[in-house]
Amino acid sequence: MNKQHTRSILALSVAAALAAPYTAMADEADKQGTYFDTMTVMGKTYRNTATKTVLEPEETPQAINIIDNEQLEIRSVKTLGETLKYTPGITSNNYGSEATFLDVFNIRGFNVSQSYYNGVSLQTLSGWNLQPQIDPIALQQVEIFKGPTSVLYGAMPPGGMVNLIGKAPQAENNTTIGASIGTDDLKEFSIDSAGQIGDSDFNYRFVGLTRQYDTQTSLSGNERYVIAPSIDWNISDKTLLNVNLYYQKDPQVGNNTAMPESILVNNDSDYSVGDKNWNDTERKFLLAGYKFQHEFENQITFMQNFRYMKGEFEQKNSYTYSYDATTGDLGRALYSTQETSEGFVFDNQLSANVTTGDVDHNLLIGADFQKLDGDAEYATHGVSTFNTFTPNNNMIDASKLTKTVYSDDDIHSKQVGIYAQDQLQWGSLIVIAGLRFDQYNADGTSYGTTYKTDESNLSYRVGALYELDNGISPFVSYATSFEPLNTSGYEPETGEQIELGLKYMSYDESISGSVALFNIVKSNVVTVDPTTVGSGSYSYVQIGEVTSQGVELDTKFQLTDSFDLAVNYTYLDVEVTKDTLYEGTTPLYNPEHSASLWANYQTDQGLLRGSRLSAGVRYVGEMQKNTANTQGMVPDYTIVDLSVGYELGNVSSSLDGATANVIVSNLFDTDSYACYDQDNCWNNADRSVELKVNYSF
201 MNKQHTRSIL
211 ALSVAAALAA
221 PYTAMADEAD
231 KQGTYFDTMT
241 VMGKTYRNTA
251 TKTVLEPEET
261 PQAINIIDNE
271 QLEIRSVKTL
281 GETLKYTPGI
291 TSNNYGSEAT
301 FLDVFNIRGF
311 NVSQSYYNGV
321 SLQTLSGWNL
331 QPQIDPIALQ
341 QVEIFKGPTS
351 VLYGAMPPGG
361 MVNLIGKAPQ
371 AENNTTIGAS
381 IGTDDLKEFS
391 IDSAGQIGDS
401 DFNYRFVGLT
411 RQYDTQTSLS
421 GNERYVIAPS
431 IDWNISDKTL
441 LNVNLYYQKD
451 PQVGNNTAMP
461 ESILVNNDSD
471 YSVGDKNWND
481 TERKFLLAGY
491 KFQHEFENQI
501 TFMQNFRYMK
511 GEFEQKNSYT
521 YSYDATTGDL
531 GRALYSTQET
541 SEGFVFDNQL
551 SANVTTGDVD
561 HNLLIGADFQ
571 KLDGDAEYAT
581 HGVSTFNTFT
591 PNNNMIDASK
601 LTKTVYSDDD
611 IHSKQVGIYA
621 QDQLQWGSLI
631 VIAGLRFDQY
641 NADGTSYGTT
651 YKTDESNLSY
661 RVGALYELDN
671 GISPFVSYAT
681 SFEPLNTSGY
691 EPETGEQIEL
701 GLKYMSYDES
711 ISGSVALFNI
721 VKSNVVTVDP
731 TTVGSGSYSY
741 VQIGEVTSQG
751 VELDTKFQLT
761 DSFDLAVNYT
771 YLDVEVTKDT
781 LYEGTTPLYN
791 PEHSASLWAN
801 YQTDQGLLRG
811 SRLSAGVRYV
821 GEMQKNTANT
831 QGMVPDYTIV
841 DLSVGYELGN
851 VSSSLDGATA
861 NVIVSNLFDT
871 DSYACYDQDN
881 CWNNADRSVE
891 LKVNYSF
């Protein structure tokens, strides 16, 4: 069947569904169990991250997904990978659910390894293990912006970006204490407190967490400690200063030992080819910053964001270099990594509201600067043989290993960007146009090779959305992106997207949704020089190209005051369209079809008063097993999740403010896994059960 024809029919069908007159179904339900209101928390510093203006997501000519705090609480997510599982267009947990030290996922077919926190990048060096991760306990909501947004943020992949919005100070006094126990010996305690400090002009927020639980293999665990204080100083009704800090220490960060697929599928999910004496991963990092905003009398606003970051990461692990299925002997190479990084980001924004005739303009100009330095040591510690027929995970004596350093890296990078944007509204028409110029410099030593790169790029975007009286808003956009390469002699990889879609919101806001068709082309991809194929000594050229096109559907229905439903679907067609070796193949971690459904039922009447029942089902289609597409497919899977909540104040007035929740992930204990190739695969999570009690006062 012609794929373009299939997409056209699907898009028209979805558009018709969104346009249907569902508005008589229900009024918008009262939201229960949310102790901190999202918009109140953001206050006057709130800006749409996709535009750096106050434009609402439903008015923005770009596909945007929002995951609010209520969803995070109901599902009790522990990682960003878990958070994104019900979002269309995203494949998360690319290294399975056990390797939790990296937030690595695909958006619209392209790998994303760096997120943003309150609109500022969580700095990490490309290809490194040291990546700052914000725990969901500290988040108010998560924003996903589809397609290139380099016009405002500089270097990033063309598939999109994820921005994490932290819990911020507020004037209303409230404290929530939480405690959890569960499978894998889960033990968790958290506190979230906010309010005004006396009668002063200061509001505060404090989030704290301690969490411990075992991995499925029990060879290692997950252990985390978080403190995240912040203060708002309302200097005047037009001036605000926010000072914030986030510190996280992870003495244990999951299990990252991969194994051949033939071993994984023929053993229980707690099976491991690692060794408990050489299976350690630990990390700690500090983020400290401020946000300053001042509104001038002439509708001009100045905002400045600053953040400092310092982090450390250490790992001891092994990888498979040989496997004899007949004898069961598996060769393991032992290695260690030590990484440190330190950096900062400045972002200055000046915006003004101007009216020319019937057209309202929101003009934005800005400049940002970021610097990041990193040191890393990579070492080998010999080899060890593991027999899969007589497994022994307690073989290695670390004191007898010989360390050999094979790379001592020292990397320094800087990025300076200047950007301008005009957001104009003429009646029901909203248009956004922007330009950004970036200068990127990097130098250092990596794997014994010294390099220096000096690259520049011009990014741009133009988009338009028209709000019809029936709630439908068609939109179209074109945007570009770039990704610098930390290697001498190469230009940045570039991307461009054309997106066409519809957004819909009923008059009573009980039904909302969007459908988007997109085409992304990533160019200047480094590939093997065709003149050196077969020579035994490859050189590389920038002639590669990857094309991603598809359809995304995102819908939400408030069917009654007690029942709401979210349904998502993604069709994705990704192909290497130019390459010396892999032309015509599909890159890893890209299912052609994926879908999810999440439903909540809650009531304040009868015997069920104060109760909530939530359930979700998600389907992930089959994916290629290796880059060359020669080893078959990773099987598709369907997972069911369940969450039940109850307000304990209905039992006794002395328990007012207390809630009990039972969260079951992977209800039917479905087996699934992810692969980089047939020799490197990781299990996804087994069924887990958590009992969580919150008390708010």
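Taking this note's numbering, the leading residue of the sequence shown gets 201, the next gets one more, and so forth. Heads up, the beta-carbon is just placed ideally off N, CA and C, and yes, glycines get one too.
Taking the C-beta atoms as reference points, Trp328 is found no nearer than 8 Å to Glu514. In the DSSP annotation of this structure, Asn269 is not part of any beta strand (DSSP E); the continuous alpha helix (DSSP H) holding it starts and ends at 269–275. Between Ala533 and Tyr660, the alpha-carbon positions lie close to 46 Å from each other.
The C-beta distance from Val893 to Gly378 rounds to 7 Å, short enough to meet the 8 Å contact threshold. About 15 Å separates the beta carbon of Gly713 from that of Gln262, a gap too long to meet the 8 Å contact definition. Within the segment 475–512, the complete beta strand (DSSP E) segments at least 3 residues long are 480–495, listed from N- to C-terminus. Contact between the segment 352–370 and the segment 664–684 is present, with at least three C-beta pairs closer than 8 Å. Straight-line spacing of the CA atoms in Lys703 and Ile672 works out to 6 Å. Boundaries around Val351 are those of the alpha helix (DSSP H), 350–353, since no beta strand (DSSP E) includes it. Residue burial annotation: Ile290 is buried, with at least 16 other C-beta atoms found within 10 angstroms of its C-beta.
Nearest C-alpha to Pro336 among Tyr286, Lys278, Arg507: Lys278.
Contact between the segment 829–846 and the segment 468–476 is absent: fewer than 3 CB-CB pairs across the two stretches fall below 8 Å.
Beta-bridge partners of Val893 (DSSP): Ala379, Ala860. With a beta-carbon spacing of about 6 Å, Tyr801 and Ser762 fall inside the 8 Å limit used to define contacts. In the three-state DSSP reduction, Ile397 falls in the coil class, being neither helix nor strand. Leaving aside the five residues that flank Val726 on each side, the residues in its chain whose CB is nearer than 6 Å to its CB run, in chain order, Tyr740, Gln742. When only Cα atoms are considered, Asp392 and Asn866 end up about 28 Å apart. Between the alpha carbons of Gly489 and Phe389 lies a gap of roughly 26 Å. Apart from the 5 residues on each side of it in sequence, Asp385 sits with its Cβ closer than 8 Å to the Cβ of Gln412, Tyr413, Asp414 in its chain, given in chain order. Taking one beta carbon from each stretch, the segment 501–517 and the segment 477–487 have 3 or more pairs nearer than 8 Å; the two touch. In this structure, Pro692 is the residue among Thr649, Pro692, Thr537, Gly627 with its C-alpha nearest to the C-alpha of Ser656. Put simply, the segment 627–635 does not touch the segment 600–614. Fewer than three CB pairs are less than 8 Å apart.
Nearest Cα to Leu441 within the set Asp432, Gln448, Tyr447, Lys449: Asp432. Assignment of beta-bridge partners to Pro674 by DSSP yields Leu702. In the structure shown, Asn850 adopts helical secondary structure according to DSSP, grouped into three states. Here Gln805 is exposed. Its C-beta has fewer than 16 other C-beta atoms within 10 Å. DSSP links Thr260 through a beta bridge to no other residue. Taking the CA atoms as reference points, Ala766 sits about 24 Å from Asp669.
Note that the C-beta distance between Val851 and Leu891 is not below 8 Å. Counting along the chain, the unbroken alpha helix (DSSP H) around Leu464 starts and ends at 461–464.
The C-beta of Asn363 has 16 or more other C-beta atoms within 10 Å across all chains shown, which makes the residue buried. Going by DSSP, Leu564 is part of the beta strand (DSSP E) stretching over 559–587. The beta-carbon distance between Arg636 and Val351, rounded to whole angstroms, is 5 Å. This is short enough to meet the 8 Å contact definition. Per the Cβ contact rule, the segment 247–258 is not in contact with the segment 301–314 (fewer than 3 Cβ pairs under 8 Å). The alpha carbon of Lys510 has as its nearest neighbour, out of Gln416, Thr324, Asn593, Leu419, the alpha carbon of Thr324. Here the C-alpha atom of Ser796 lies approximately 44 Å from the C-alpha atom of Gly689.
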